[in-house]
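Let me begin by presenting the structure, written as structure tokens, before commenting on it.
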Amino acid sequence: MCIKKRLRRMWDRLATMSNDTYLIEDATDRTGDRALLARWRELLAESESHDRVYQSPEYFDYLRSTATRHRPPQLFTVLERASRTVVGVVPLVLRHHGFEFSAGRLRLGSLPAFSVVLLGSAPLMPARPELLNLLFEFLLEQFPKCHAISLTSLPSDSKLWRNISDAIGNAGGYRKHLLNNWRDCHQIPLPANFEAFMAQFASKRRYNLKRQQRQLRDHGGGQLDLHRIERPEQLPSMREALARLITPEHRAQLWTVEEMQGLAQHGMLLCYQIDCGGRPCALMLGLRSSDTLHLFNIFHDSTLDHLSVGTTILHMAIEDLCGHRFTCIDLGYGTPAHSYQSSNVTVQRGHVLLMRTGLRNRLVCALHGSFVAATAVARRHIK
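Start counting the sequence shown at 1000; every next residue gets the next number (the numbering used here).
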């Protein structure tokens, strides 16, 4: 057999995996294929993932266009062997995670874990155990230097987690590890119109929200303007607002200019800014996913704390979102500083790692799990 054919067969073994029913292929170089793109969008429309914005073709293209900071994304397809029908699309990236050993401000250290990160925290395919098993085994074989498959924001009540906990979690090739336990994530459901949203609150709360907005407008000499930022040409004013509202050190932790430009060009950026008296006083950073706003940060002028600027920009943004038929604001992990607690709903999500079997990974999981449990006991005791 010639060398060329041998190399080709070696590549085929690495690039595909199959059983009697399904076949997995590397489709990274086929993202421009119209049929594949159409099927990708169909699966995305059927997905119930709260993080499906990160599984979209637009986000995949964005990651490729900004791959100077990170490794470029990759795409795999799951097909029915007999019909060659695409039943699953799996966009992913390779990233380093850390097993953090920290308690409050005390940081004792971190152990690295190079991982295959499934974008959207779940594959775009049926959550059937045999299909998931085939995919996870394939990914660990395809990326031998990776310690784990990472599902960064998996809901505790999802079908995928139930399958991982039952049949999948006992597979011989990997073991599940919940990083830092389940954590609360807040969402703000949005009704059909802003009047219905305001009707959820008692009359005193409605009065206070309107009073806070009125006081901020009076502070600006009658001028209080909301700006919806989603296009590339709007970014210069937003960058000026960031420079005014946060420190350079904090700014360095956010999106770069290139990343903001890419998100806007791909139609994913959705931010809000309010100007008081012609000067920026608050800014919201977020991404849009069909009818959901993923809200990451709210920044405001600290000299205006007494005027509740953070609450006001959220209130004004919700009015705009209701007008554009959004149904949810997803606030992610943690308890937000500015939120309508009475209208929020809380869901549990966790960072799940499917760790490759081996002594090193078993020791790391056991050590980190014991540390997290001991820290939780200590916190309850202190409280």
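Ideal placement from N, C-alpha and C gives every residue a C-beta, glycine not left out.
The structure presented is a predicted model; accordingly, all values stated were derived computationally and were not measured.
From this set, 1310, 1145 and 1074, which residue's C-alpha is nearest residue 1031's C-alpha? Here residue 1031 refers to the residue found at position 32 of the sequence shown. Ranking 1310, 1145 and 1074 by Cα distance to residue 1031 puts 1074 first.
Option in 1020, 1268, 1381 and 1259 with minimal Cα separation from residue 1078: As a first step, residue 1078 must be located in the sequence shown, where it is residue number 79. Per the Cα distances, 1020.
So, at 8 angstroms on beta carbons, what are the nonlocal neighbours of residue 1269 in its own chain, with the 5 sequence-adjacent residues on each side left out? Numbered from its first residue, the sequence shown carries residue 1269 at position 270. Cβ neighbours of residue 1269 beyond the five flanking positions: 1227, 1228, 1229, 1285, 1286, 1287 and 1292.
Residue 1206, enclosing alpha helix (DSSP H) - first and last residue: As a first step, residue 1206 is located in the sequence shown; it is residue number 207 there, counting from the start. Unbroken alpha helix (DSSP H) run through residue 1206: 1202-1218.
What residues in its chain sit with their C-beta under 7 angstroms from that of residue 1162, if we drop five residues either side in the sequence? On the sequence shown, residue 1162 is found 163 positions in, with the first residue counted as 1. Only 1126, 1128 and 1131 meet the Cβ criterion.
What does DSSP give as the partner residues of residue 1175 in its beta bridges? Along the sequence shown, read from residue 1 onward, the residue named residue 1175 stands at position 176. DSSP output for residue 1175 lists 1353 as bridge partner(s).
May I ask you to report which of helix, strand or coil DSSP gives residue 1367? Along the sequence shown, one-based indexing puts residue 1367 at 368. Of the three classes helix, strand and coil, the one that applies to residue 1367 here is helix, per DSSP.
Would you kindly check if the distance between the Cβ of residue 1265 and the Cβ of residue 1053 is under 9 angstroms? Translated into the one-based positions of the sequence shown, residue 1053 becomes position 54. Translated into the one-based positions of the sequence shown, residue 1265 becomes position 266. No, the pair does not count as a contact, with Cβ atoms beyond the cut-off.
Is the region 1183-1199 touching the region 1318-1325 in the sense that three or more CB pairs, one from each, lie closer than 8 angstroms? yes
Reference residue 1040, options 1028, 1066 and 1085, closest by Cα: Start at 1 with the first residue of the sequence shown, and residue 1040 comes out as number 41. Comparing Cα positions, the closest option is 1085.
8 angstroms Cβ shell around residue 1009 - same chain, five flanking residues per side excluded: Taking the sequence shown and counting its residues from 1, the one referred to as residue 1009 is at position 10. In this prediction, residue 1009 scores a pLDDT of 43, lower than 50, which makes its location untrustworthy; no coordinate-derived value is stated.
Could you check if residue 1158 is buried or exposed, using at least 16 other CB atoms within 10 Å of its CB as the buried criterion? Start at 1 with the first residue of the sequence shown, and residue 1158 comes out as number 159. With fewer than 16 Cβ atoms within 10 Å of its Cβ, residue 1158 is classed as exposed.
Looking at residue 1314: is its Cβ nearer than 9 angstroms to the Cβ of residue 1212? Taking the first residue of the sequence shown as position 1, residue 1314 is located at position 315. Taking the first residue of the sequence shown as position 1, residue 1212 is located at position 213. Cβ atoms of residue 1314 and residue 1212: closer than 9 angstroms.
Residues near residue 1168 by beta carbon distance below 6 angstroms, same chain, minus five either side: As a working note, residue 1168 is residue 169 in the sequence shown. Any reading at residue 1168 must be qualified, since the residue scores a pLDDT of 49, below 50, and its modelled position is unreliable; the value itself is stated next. So the list reads 1175, once near-sequence residues are dropped.
Can you find at least 3 beta carbon pairs, one from the region 1059-1066 and one from the region 1105-1116, that sit closer than 8 angstroms? no
What would DSSP say about residue 1128, mapped onto helix, strand or coil? For the purposes of this step, residue 1128 is taken as residue 129 along the sequence shown, with counting starting at 1. It is helical.
Residue 1350 and residue 1178 - do their beta-carbons sit closer together than 9 angstroms? Sequence index remark: in the sequence shown, residue 1178 carries index 179 (1-based). Sequence index remark: in the sequence shown, residue 1350 carries index 351 (1-based). In contact: residue 1178 and residue 1350 (Cβ atoms closer than 9 angstroms).
Quick one: residues in its chain with C-beta nearer than 6 angstroms to the C-beta of residue 1042, no 5 flanking neighbours on either side, listed in chain order? Along the sequence shown, read from residue 1 onward, the residue named residue 1042 stands at position 43. Correct list, in chain order: 1088 and 1123.
Quick one: what's residue 1296 bridged to in DSSP? For this step, residue 1296 is matched to residue 297 along the sequence shown. In DSSP, residue 1296 forms a bridge with 1284.
Give me the residue from 1233, 1137 and 1186 with the minimum Cα distance to residue 1347. Start at 1 with the first residue of the sequence shown, and residue 1347 comes out as number 348. Selected option, being the one with the closest Cα: 1186.
List the endpoints of the continuous beta strand (DSSP E) containing residue 1106. Locating residue 1106 in the sequence shown gives position 107, counting from the first residue. That run of the beta strand (DSSP E) goes 1105-1117.
Within 10 Å of its beta-carbon, does residue 1206 have 16 or more other beta-carbons around it, so buried, or fewer, so exposed? If you number the sequence shown from 1, residue 1206 lands on position 207. With fewer than 16 other Cβ atoms within 10 Å, it is exposed.
Here's the rule: buried if 16 or more other CB atoms are within 10 angstroms of the residue's CB, otherwise exposed. What is residue 1301? The residue given as residue 1301 occupies position 302 in the sequence shown. The residue in question, residue 1301, is exposed, as its Cβ has fewer than 16 Cβ neighbours within 10 Å.
Determine the burial state of residue 1105: buried for a count of at least 16 other Cβ atoms within 10 Å of its Cβ, exposed for fewer. For the purposes of this step, residue 1105 is taken as the residue at position 106 of the sequence shown. Flag for residue 1105 reads exposed.
Length of the line joining the Cα atoms of residue 1155 and residue 1372: For the purposes of this step, residue 1155 is taken as residue 156 along the sequence shown, with counting starting at 1. For the purposes of this step, residue 1372 is taken as residue 373 along the sequence shown, with counting starting at 1. Roughly 18 angstroms separates the two Cα atoms.
Let me know the secondary structure DSSP gives residue 1168 once reduced to three states. Looking up residue 1168 in the sequence shown gives position 169. Low local confidence applies: a pLDDT of 49 at residue 1168 is under 50, so the model's placement there is unreliable, with the coordinate-based value given in what follows. Helix at residue 1168.
For residue 1139 and residue 1044, I'd like the C-alpha separation in whole angstroms. By 1-based counting over the sequence shown, the position of residue 1139 is 140. By 1-based counting over the sequence shown, the position of residue 1044 is 45. Each residue's alpha carbon lies about 28 angstroms from the other.
Tell me the DSSP secondary structure of residue 1304 in three-state form. Working through the sequence shown from its first residue, we reach residue 1304 at position 305. Look at residue 1304 here: in three-state DSSP terms it is helix.
Residue 1120 and residue 1091 - do their beta-carbons sit closer together than 9 angstroms? Position 92 of the sequence shown holds residue 1091. Position 121 of the sequence shown holds residue 1120. No. Outside cutoff.
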